Amino acid sequence: MKNILVYTIFIILFSGCDYKYESYSESYTSKIIKNVVLDIECVKSSLDKKLEFNTVTESKNSLRTRISDIEVQVNVTENELVIVSKYKTETKQDKNIYIVSAVGKRVERIIFNDCDY
23 MKNILVYTIF
33 IILFSGCDYK
43 YESYSESYTS
53 KIIKNVVLDI
63 ECVKSSLDKK
73 LEFNTVTESK
83 NSLRTRISDI
93 EVQVNVTENE
103 LVIVSKYKTE
113 TKQDKNIYIV
123 SAVGKRVERI
133 IFNDCDY
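Sequential numbering from 23 applies to the sequence shown in our numbering.
Below, the structure is given as structure tokens:
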């Protein structure tokens, strides 16, 4: 029993508990929509048309863009759409989760209006 306690303390002490370089992030999954068929090109072009978003980058079935310091990731698969908005910073500033979620909901409305869903 003593060996287990010493081993546990050793793991806790040396497992990288220094969090001063960790970044703080809040994320909000706006919507997971099943049984939807959306063209990823339609989603990309609808986000590209909006001036409040930074450049939209595409990789496989995923799109990424930003509004200010909030990152938005849109995953489009064969039958599912997932919108995740994230806030990340190096300092622990308070960012209201409602602001982060509002950005995700804005992306959702844009996609639904422009892609006729």
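Using N, Cα and C, we set each Cβ at its ideal position, and we do this for glycine too.
Keep in mind the model is a prediction, meaning the values are calculated, not measured.
Taking the Cβ atom as the reference point for each residue, do I133 and I92 lie within a distance shorter than 9 Å?
-> Working through the sequence shown from its first residue, we reach residue 133 at position 111. Working through the sequence shown from its first residue, we reach residue 92 at position 70. Contact flag unset, no.
How would you call K82, buried or exposed, if buried means at least 16 neighbouring beta carbons within 10 angstroms?
-> For the purposes of this step, residue 82 is taken as residue 60 along the sequence shown, with counting starting at 1. With fewer than 16 other Cβ atoms within 10 Å, it is exposed.
Taking C-alpha atoms, which residue in Y109, I89, L85, S90 lies nearest to T99?
-> Locating residue 99 in the sequence shown gives position 77, counting from the first residue. Looking at the Cα atoms, L85 is the closest of the given residues.
Please list, in chain order, all residues of the same chain as L69 whose beta carbon is under 6 Å from its beta carbon, the five residues on each side excluded.
-> As a first step, residue 69 is located in the sequence shown; it is residue number 47 there, counting from the start. Closer than 6 Å at Cβ, skipping near neighbours: F75, V78, T87.
Measure the Cβ-Cβ separation of K71 and D136 and say whether it is below 9 Å.
-> Taking the sequence shown and counting its residues from 1, one reaches residue 71 at position 49. Taking the sequence shown and counting its residues from 1, one reaches residue 136 at position 114. Here K71 is near D136, since their CB atoms are less than 9 Å apart.
Among the residues of its own chain, which have a CB less than 6 Å from the CB of V129, if the five just before and after it don't count?
-> Sequence index remark: in the sequence shown, residue 129 carries index 107 (1-based). The residues V94, I105, in chain order, have a CB closer than 6 Å to that of V129 in the same chain once the five nearest residues on each side in sequence are set aside.
Candidates V65, D61, E63, K108: closest to S90 by CA position | Along the sequence shown, one-based indexing puts residue 90 at 68. If you compare the alpha carbons of V65, D61, E63, K108 with that of S90, the shortest gap goes to K108.
Could you pull the start and end residues of the beta strand (DSSP E) that E100 belongs to?
-> One-based indexing of the sequence shown puts residue 100 at position 78. That residue, E100, is in no beta strand (DSSP E); it is neither H nor E in DSSP.
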